[in-house]
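The sequence shown lines up with residues 43 to 272 when you count with the numbering used here. Accompanying notes for the structure given below.
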Amino acid sequence: MRLITINRTRPNASIELYGCPMQCKYCSHTSAQFKDYDLDKVVQAMSDNGIRSVFLGGAEPAMHRKEALDLIRILHGRGKEVILKTTGADPEFLAATKGKVTRYILEVKAPLDDPQLLTVVTSLPLEKAREQQENVRRSLTVLEGQKVRAVLRLIPGRYTVEAVERMAEDLAGHVDELVIAQFLSSDSDVSYSGITTPSPDQATMMAFGQAARRHLPRVKVKGSGFDIVL
Ligand code: SF4
């Protein structure tokens with residue numbers, strides 16, 4: 043498996059896998075260093091009894107479909123809670139993980155009827171953006187009844203309140219929470235397009251959050267110095 047990091051913190055450990063089809067220019071993972079590991083070694087690293095839950099994230103774990111499925115099966119079999127991050131790019135992969143994953147973290151990027159916006163916030167060409175949105179649609183159906191938290195990294199100048207509200211409508215009935223995160227307020231982002239400080243500001247973030255909250259039971263708006271549940 044190609045990994046960026048293994049973090050064995052107790053009780054909540056994490057594994058950051060390498061590789062994502064979206065190749066967003068502001069994503070620290072796209073330029074991160076990686077190392078190849080045998081599955082056995084990764085399992086061994088997580089076998090500490092003090093580790094209760096394992097977050098599988100990084101970029102898109104489905105890029106390592108076979109190894110990721112084996113790892114999820116083994117971790118679940120050993121009584122660990124598995125939290126899986128995904129872009130929704132591989133609904134068949136997600137279907138195979140059901141029953142073994144405690145919570146899914148779905149990274150969302152654009153309303154499902156707006157592939158053009160997806161080409162702006164990722165490196166996907168239009169045809170691939172359409173395919174990705176169809177996959178997300180199918181993934182939302184596959185994950186019905188599961189615990190799903192959607193996460194939107196709000197790139198300044200790329201989103202309107204109306205677009206975020208349409209994204210919330212797409213997610214309604216499929217996710218129990220949407221987290222809207224300010225750009226550059228975490229280590230996952232690198233400066234991009236002249237944006238070098240955490241933004242948009244808190245008041246603007248709240249306007250996005252309130253629009254989303256009209257359609258979803260819980261919306262969290264977080265950024266540098268604020269973390270507000272609506
Ligand atoms: S920001 Fe998310 S979707 Fe974009 S390249 Fe990074 S992990 Fe992939």
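Glycine residues also receive a C-beta, built at the ideal position from the N, C-alpha and C atoms. Source: prediction; values computed, not measured.
Can you give me the C-alpha to C-alpha distance between Gly141 and Gln188, rounded to a whole angstrom? 9 Å
Just tell me which of Met64, Ala104 and Glu102 has its CA closest to the CA of Pro157. Met64
Complete runs of the alpha helix (DSSP H) confined to the stretch 136–184 [at least 4 residues]: 157–163 and 168–184
Rounded C-beta distance between Ala249 and Asn177? I'm assuming under 8 Å. Contact flag wrong, Cβ pair sits at about 30 Å.
How about His71 and Gly100: are their beta carbons less than 7 Å apart? yes
Assign Ala223 to buried or exposed, taking buried as 16 or more other Cβ atoms, counted over all protein chains shown, within 10 Å of its Cβ. buried
Regarding Ala171 and ligand 1, is the C-beta to nearest heavy atom distance less than 6 Å? no
Would the C-beta of Glu109 count as close to ligand 1, meaning under 6 Å from any of its heavy atoms? no
Please identify the residue among Val162, Val232, Arg52 and Ala171 whose C-alpha is closest to the C-alpha of Val96. Arg52
Distance check for Val190 and Tyr60, CA to CA, integer angstroms please. 22 Å
Do the CB positions of Ala254 and Val261 come within less than 7 Å of each other? yes
For a quick check, are the C-beta atoms of Arg179 and Leu154 less than 7 Å apart? yes
Assign Leu272 to one of three DSSP states: helix, strand, or coil. coil
How is Asp78 classed by DSSP in three states: helix, strand or coil? strand
Write down the C-beta distance between Val85 and Ile116 rounded to the nearest angstrom, noting that I regard them as a contact closer than 8 Å. 5 Å
Ligand 1 and His71: does the residue's C-beta get closer than 6 Å to at least one heavy atom of that ligand? yes
Buried or exposed (CB count within 10 angstroms, at least 16 for buried), Lys67: exposed
Start and end residues, alpha helix (DSSP H) containing Glu109: Arg107 to Gly119
Counterpart residues of Tyr68 in DSSP-defined beta bridges: Tyr68 is not bridged to any residue.
Check whether Val203 and Ala137 have beta carbons under 7 Å apart: no
Tell me whether Ser233 sits in a helix, a strand or coil according to DSSP, three-state version. coil
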